[in-house]
Amino acid sequence: MTESSARANAPAKSSSRATRYTGVAMAAHWVLALGLIAALGLGWYMTGLPFSPSRLKLYNWHKWLGVTLLTLSLLRLLWRVTHRPPELPPAVARAMPKWQHWAHNGTHHAMYLLFFAVPLLGWAYSSAAGFPIVFLGMLPLPDFVSASPELAETLKPLHGWAAWALVVLIAMHVGAALKHQFIDRDGLISRMLPGRA
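Numbered per this note's numbering, the sequence shown spans residues 24 to 220.
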């Protein structure tokens with residue numbers, strides 16, 4: 024390769040790196056995604072079970088997952104605040120109508136809000152119902168609110184509605200990613216896939 028060819032290729036490589044997420048951001052995204060699928064799926068499954076020791080065990084697992092996801096969400100938010108996410112590739116940004124930019128930003132902000140709201144509402148409901156969380160069966164966590172049957176009755180549906188809202192937003196997020204991959208064919212999804220330049 025000649026020196027002039029190397030110079031010609033350099034901006035493209037630099038631009039590719041500038042529009043991709045870091046390895047830490049990718050790992051946080053996929054670990055959180057898998058954890059959310061597990062927590063939401065477990066929450067949907069366990070609520071349909073009759074009262075039994077097995078159901079109580081699943082509730083504990085669900086709570087532990089929620090606390091773990093809350094912690095991961097906080098760490099991910101701190102990383103995002105201190106490491107600015109990459110810009111959209113210029114060609115993709117130009118091709119997207121303004122409403123898609125609004126939807127893109129709005130969906131991400133709403134998901135981050137629910138990453139915290141869903142587990143915090145669950146924690147508050149568990150505390151209000153008089154069921155303290157003992158993380159992994161070893162670490163007692165402080166009650167988020169005081170025990171109150173009336174408050175528990177209010178928080179229980181709020182936790183469920185927030186979880187379903189998160190499911191809808193995740194479905195929209197996945198749908199948008201698939202649209203970019205298979206309809207727009209702009210390769211946008213590769214920004215969040217390791218080993219794909």
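Just so you know, even glycine gets a beta-carbon here, dropped at the ideal spot from N, CA and C.
Which stretch, first to last residue, makes up the alpha helix (DSSP H) that contains residue i?
{"i": "residue 173", "result": "172 to 202"}
{"i": "residue 117", "result": "113 to 118"}
{"i": "residue 149", "result": "121 to 151"}
From the DSSP output, read off the bridge partner residues of residue i.
{"i": "residue 158", "result": "162"}
Within this structure, are the beta carbons of residue i and residue j separated by less than 8 Å?
{"i": "residue 52", "j": "residue 66", "result": "no"}
{"i": "residue 192", "j": "residue 137", "result": "yes"}
{"i": "residue 100", "j": "residue 147", "result": "no"}
{"i": "residue 93", "j": "residue 55", "result": "no"}
{"i": "residue 119", "j": "residue 196", "result": "no"}
{"i": "residue 44", "j": "residue 113", "result": "no"}
{"i": "residue 199", "j": "residue 63", "result": "no"}
{"i": "residue 81", "j": "residue 69", "result": "yes"}
{"i": "residue 157", "j": "residue 165", "result": "no"}
{"i": "residue 203", "j": "residue 211", "result": "yes"}
{"i": "residue 214", "j": "residue 42", "result": "yes"}
{"i": "residue 159", "j": "residue 168", "result": "no"}
Three CB pairs or more closer than 8 Å across the segment 152 to 159 and the segment 110 to 128: Fewer than three Cβ pairs drawn from the segment 152 to 159 and the segment 110 to 128 lie within less than 8 Å of each other, which leaves the two stretches out of contact.
The segment 137 to 147 contacting the segment 72 to 92, beta-carbon criterion three pairs below 8 Å: yes
Given 8 Å, three or more beta-carbon pairs between the segment 42 to 49 and the segment 101 to 110: yes
Sequence ranges, beta strand (DSSP E) only - wholly within the segment 43 to 83, length at least 3: Runs of the beta strand (DSSP E) inside the segment 43 to 83: none found.
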